[in-house]
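Quick note, the sequence shown lines up with residues 16 to 575 if you use my numbering.
We put the beta carbon where it would ideally sit given N, CA and C, even for glycine.
All values reported here derive from a predicted model rather than from experimental measurement.
Below is one structure, written out as structure tokens; the observations come after it.
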Amino acid sequence: MDETVNRLLDEIEQQSDPLARARLVEEALDLVSRENDPGLWAGLQGTLGSSLIKTPAEHWDSALGERIVSAYQAALGAFTAERDPAIWAQTWRNIGATHFCAIMHGAGDEYEQVKAAKVAYEHAMSVPPEGLNPEVVAAWRSEEAAVDQLLARHQRSLRDPFGLAEQAAAQAEAIRRDAQSGIGPLPTKTEARYPALLNEEIAQLRLHLHRVIERGFPEVRTAAQRSALERSRWQMFRLAFEHLTEKYEAAERTRELFARIRRDETGFVLFLRGFAMRGQSRPDMLATAGQGASLEEGLAKQRLVADLAPIAVVWIANPVDSGPLELAMVDGDADQLGYRVEMGEGWEAAVRALVAAATAIVIHNPVITPGVAYEIALVDSLDRLDDSFFVDPRAVPSLLDGPHPPLLSFGSDAIDQIRERLNVGSRRPAPDLPVPTCHWLEGGARSQTEQMAAQIDDMLRPVVLDIPQGHLDLALDGRWAELSYLVLLEDSRALAVHLRAMSHLMSALDKSTLEEAHVLARACANYATALESAIRGSAEASSEIDRAINIFSRVRKRPA
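As structure tokens, then:
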């Protein structure tokens, strides 16, 4: 180890002042690379976070909090929940505690901080307690309870007009009741595949219209209530719309890659996994459930993409995962995520085509789920075991039918072996690569959603917007619900038309009725204009999906 680094490490250990220690750590990090010494690099990142968090209150701000969280997240990249459960959990706990400190110091948006803290503590507590000190676990539970109290307080305020606390409590009670009565998840709806986070956003946009339908009369809101709700609904719509545009931007990237592969200009590596999170339809909600060692598959995928760059890594999307969330975690750099394929009803043929065409295959199998077992059997049936690398090859033989070649481990030299396969020109013919995405709704689910959107449109036509006041709130409730259905239907033309209608509705209001009316009117008009421009400028397409890619991928930036 470099003499200067050794000296700095000694000084760091002896330094009692946390800010001085942080400066020394930053000096050391300038001299230590993750590639050459990942353990030391990760340890220094953790020390940097634990030092900076002790900054005096008068110097705390949101930038400092982000800096601390960034250090801990960097350290996380060197650990896994399976291999380093205690360190992995402790680091997630530290991230949660950092967000809580930011709240206590008034740094940043309190509601965003408390949500981030909750997510971090959930990660920390997901590690089996057997590997942790019981006293530490008890302390973490106490900290998480404080975060829960803050979350509940915010969800009861005007800043959360959707009443998420009440919804969460009702859902928890429903799960408890189902568990006691032996009721499990409902059969999976194969005709509806969209991210769990998008499902929540869509549900909030429809919430108030559903309440009107349940009660039988519209709600009349105060100006303050209307202002809080419309601000929140606009933000919720932006998030839902971002799921739509990000999906097709990702599809365009993959479509362009597949075109190069068909022209035999490049090969690709296929990453297969078992999907850590699964959607569960229950009588009262759509839930997601995860399982143990598979939960770090996202990090494994990102590491593979980084290690193989610029070789293309293709992976199959888990329907419940959020593309915008994954993109945000890599600071918007899509190249760090590889190439995504979303599959609908014909998924078996699509997976078969990808397995047949891949130059090499990496199978993330720390847990043998039904999906992983199917993928391994498919790889075997297509004689691709010689080109496949397994995270746990010991778990594979029992899944194979008859004799098989020696299984390749995804170990320390696997990246070099994969690169060699690409370098020697062992690309395979790929005439049948799948369309890179599919509709969120298909078949009966799509038809039902189209009918519901049409029913809302029919309901809104006779609504008078001036007197009585309740008609205004009904119109707003209906318009947002209608837009939510159109997002799920991925209908660009209808979205443009109804965003323009929402803009006109907002423009007719004065500040005493809705303070942000003109701002929201302009924002809706911007989205409508962006869609109209994309529709006019999109190229002709041979299929409805290709047309959607051409349109939505042109909306490169979310309108202001």
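Would you decide whether residue i is buried or exposed? Buried here means 16 or more other CB atoms lie within 10 Å of its CB.
i    : result
I482 : With a pLDDT of 40 at I482, under the threshold of 50, the modelled position of this residue cannot be trusted; read the value that follows with caution. Result: exposed.
P451 : buried
N380 : buried
H223 : buried
T106 : buried
D32  : exposed
D447 : exposed
G459 : exposed
R22  : exposed
L46  : exposed
T113 : buried
K526 : exposed
P421 : exposed
K316 : buried
E150 : exposed
V377 : buried
N565 : buried
Q60  : buried
V439 : exposed
D488 : buried
P233 : buried
T70  : buried
S242 : buried
Indicate the three-state DSSP secondary structure (helix, strand or coil) for residue i in the structure shown.
i    : result
Y354 : strand
I378 : strand
F567 : helix
I68  : coil
S558 : coil
A112 : helix
L46  : coil
S172 : Caution applies to S172, whose pLDDT of 49 falls short of 50 and renders its modelled position unreliable; the value that the coordinates give is listed next. In this structure, S172 counts as coil in the three-state DSSP scheme.
V162 : helix
I471 : helix
V134 : helix
V227 : helix
V320 : helix
I326 : coil
V284 : strand
S424 : strand
A490 : helix
L79  : helix
L34  : helix
R147 : According to the sequence as given, residue 147 is Leu; it is not Arg. Note: L147 maps to coil in three-state DSSP.
L448 : coil
A207 : strand
Might you give, ordered along the chain, the residues of its own chain that have their beta carbon closer than 7 angstroms to the beta carbon of residue i, omitting 5 neighbours on each side?
i    : result
A142 : The sequence as given places Val at residue 142; Ala does not occur at that position. Closer than 7 angstroms at Cβ, skipping near neighbours: A96, P100, W103, A104.
E505 : L259, H454, W455, A563
R275 : T281
I68  : I83, T113, C116
G552 : R569
V40  : I27, L59, T62, L63, S66
Which residues in the same chain have their Cβ closer than 8 angstroms to the Cβ of residue i, if we skip the five residues on either side of it in sequence?
i    : result
L514 : L498, C539, A540, Y542, A543, L546
R443 : G282, A371, A372, A373, T374
Y136 : W107, R108, G111, W155, E158, E159, V162
Between which residues of its own chain and residue i is the CB-CB distance below 6 angstroms, once the five residues before and five after are set aside?
i    : result
R108 : A139, W155
A375 : V284, D402, I433, R436
W75  : H120, A122
I560 : V450
R49  : W56
L165 : V129
Q484 : Per-residue confidence for Q484 stands at a pLDDT of 49, beneath the threshold of 50, marking its modelled position as unreliable; the derived number appears in the next sentence. Excluding positions up to five away in sequence, the list reads V235.
L393 : V370
L287 : I378, E390
Any heavy atom of the ligand PLP within a distance shorter than 8 angstroms of the CB on residue i?
i    : result
A536 : In the structure shown, the ligand PLP is absent, as is every other ligand, since no ligand is present at all.
Answer yes if the stretch 212-222 comes into contact with the stretch 341-361, meaning at least three C-beta pairs across the two stretches below 8 angstroms, and no otherwise. Touching, no, given that fewer than three Cβ pairs across the two stretches are closer than 8 angstroms.
Across the stretch 383-395 and the stretch 347-356, are there enough close Cβ pairs to call them in contact, namely three or more that are closer than 8 angstroms? In short, these stretches do not touch, since the Cβ pair count stays below three.
How about the stretch 323-330 and the stretch 407-417: do they share at least three Cβ pairs that are nearer than 8 angstroms? Contact between the stretch 323-330 and the stretch 407-417 is absent: fewer than 3 CB-CB pairs across the two stretches fall below 8 angstroms.
Taking the runs of the beta strand (DSSP E) that are 3 residues or longer, which of them lie wholly in the stretch 361-414? Taken in chain order, the whole beta strand (DSSP E) runs of length 3 or more contained in the stretch 361-414 are 375-378, 403-405.
What runs of the alpha helix (DSSP H), each 4 residues or longer, lie entirely inside the stretch 498-534? With a minimum length of 4 residues, the continuous alpha helix (DSSP H) runs that stay inside the stretch 498-534 are 507-522.
Please confirm if the stretch 206-215 is in contact with the stretch 326-338, defined as three or more CB-CB distances below 8 angstroms between the two stretches. Yes: at least three Cβ pairs fall under 8 angstroms.
Three CB pairs or more closer than 8 angstroms across the stretch 54-65 and the stretch 79-88: Verdict: yes, contact present.
Cβ contact (3+ pairs, closer than 8 angstroms) linking the stretch 269-279 and the stretch 361-368: Touching, no.
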